Each structure stands twice: as C-alpha cells, then as structure tokens.
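Novice: If you read the sequence shown in my numbering, its first letter stands for residue 351, the second for the next number, and so on.
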Amino acid sequence: MTESPYLVGLRMAGKKVVVVGGGSVAQRRLPLLISSGADVHVITRSATRAVEAMEGITLSLREYRDGDLEGAWYAIAATDDAEVNATVVAEADSRQIFCVRADVAVEGSAVTPATFSYAGLSVGVLAGGEHRRSAAIRSAIREALQTGLITPKARKAP
C-alpha cells in the first residue's frame with residue numbers, strides 16, 4: 351500500500367516548535383511558523399543574516415543536543431548535515447513529535463507543502479516529494495485565483 355500524506359492545518363499558537371538549522375530552508379519556513387503564533391526555537395551553528403534578524407524566534411547559536419526537542423509539538427530538521435538531521439528525526443520519533451526532514455523528506459514523519467494564502471484561503475500542495483512540482487502547481491493555482499480563472503467563492507450545488 352502506498353502512503354498518502356494526511357493534510358492538516360495545525361493551530362500552533364503558543365506551541366513549542368524547534369527548527370534545527372539556520373540556513374535558507376529555515377529562512378523560508380520560519381515566517382509562517384512565526385505568523386502562526388508558535389513559540390519558535392532555532393538551534394543552529396550558524397544562521398543567515400535574515401534568520402538572525404527575525405523577530406519572534408529564540409535563536410541558539412550552538413550544536414544540536416539530545417533533549418533539545420523536550421516539550422516540542424513540531425520540529426524541522428534543516429541542517430546541511432545528514433547525520434544531524436537523522437538524529438533530530440530519531441529524537442522526534444522517540445518523543446512522538448511530528449518532524450520534517452528537509453534533506454530526505456521520506457525519512458521525516460511530516461512534510462511541508464508548498465503553500466499560499468489568498469482571500470481567506472490557505473492552500474497547500476504536496477506532490478509525492480516532488481518539491482518543484484508542488485511549487486509549480488501551487489503557483490498555477492495562485493495565478494488562477496488572481497486572474498479570476500477560478501473563484502474563491504463557494505458555489506451552490508446544482
């Protein structure tokens with residue numbers, strides 16, 4: 351049987367989220383986590399300037415350590431070190447915390463869809479691990495909404 355991800359909208363306000371890594375992937379993921387109201391903790395040896403400048407996060411410039419996921423509801427392993435990412439996923443699994451693994455998506459317990467918001471809608475697209483395909487389809491849907499090809503209004507059943 352083929353696994354099919356279960357899409358869900360998480361209410362993260364006040365929930366601890368741990369992002370391990372401070373590079374470009376974290377930089378892309380952090381704004382939505384911050385805007386969700388999550389209690390975001392970033393653990394990384396080094397961070398991009400944009401990550402360092404972000405308000406709404408707790409930034410720890412250090413190595414990841416076992417126990418860093420204590421109390422977390424959600425985690426993202428987004429370092430440039432496959433061994434560290436695997437260790438984060440293993441700790442998350444042992445604590446029953448959903449975890450995205452940025453470098454090898456199939457090894458995480460969660461995946462991040464390509465998303466956008468429009469007219470009160472939150473739209474997410476997953477394409478079986480094909481990130482470029484997810485992004486392309488997300489962009490096509492956004493464009494269709496923006497140009498009026500499809501409407502965000504509910505239609506009455508015939």
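Each residue gets a CB set at the ideal place from its N, CA and C atoms; glycine is no exception. Note that the structure is predicted; figures quoted are calculated from it, not measured.
1) Near V450, which residues of its chain fall below 6 Å by C-beta distance, leaving aside the five closest residues on each side in sequence?
2) Buried or exposed, going by whether 16 or more other CB atoms sit within 10 Å of the CB of D418?
3) For the beta strand (DSSP E) containing V469, name the first residue and the last one.
4) Looking at I407 and L382, is the spacing between their C-beta atoms short of 8 Å?
5) Quick check on T429: does DSSP put it in helix, strand or coil?
6) Would you mind listing the alpha helix (DSSP H) stretches within the stretch 382-467 that are 4+ residues and don't spill past its ends, in chain order?
7) What's the gap between the Cα of K366 and the Cα of L409?
8) Taking the DSSP output, what are the residues bridged to K366?
9) So the candidates are F448, T437 and A486; which of them puts its Cα closest to the Cα of T465?
10) Taking the continuous alpha helix (DSSP H) assigned at L476, which residues delimit it?
11) Where does G371 land, buried or exposed, given buried means 16+ other C-beta within 10 angstroms?
Specialist: Taking the coordinates as given:
1) I426, G458, A460 and T462
2) buried
3) Val is not the amino acid found at residue 469; the sequence shown has Ala there. Note, A469: premise wrong, no beta strand (DSSP E); not H, not E.
4) no
5) coil
6) 399-403 and 432-445
7) 13 Å
8) D389
9) A486
10) Run containing L476: none; DSSP gives neither H nor E here.
11) buried
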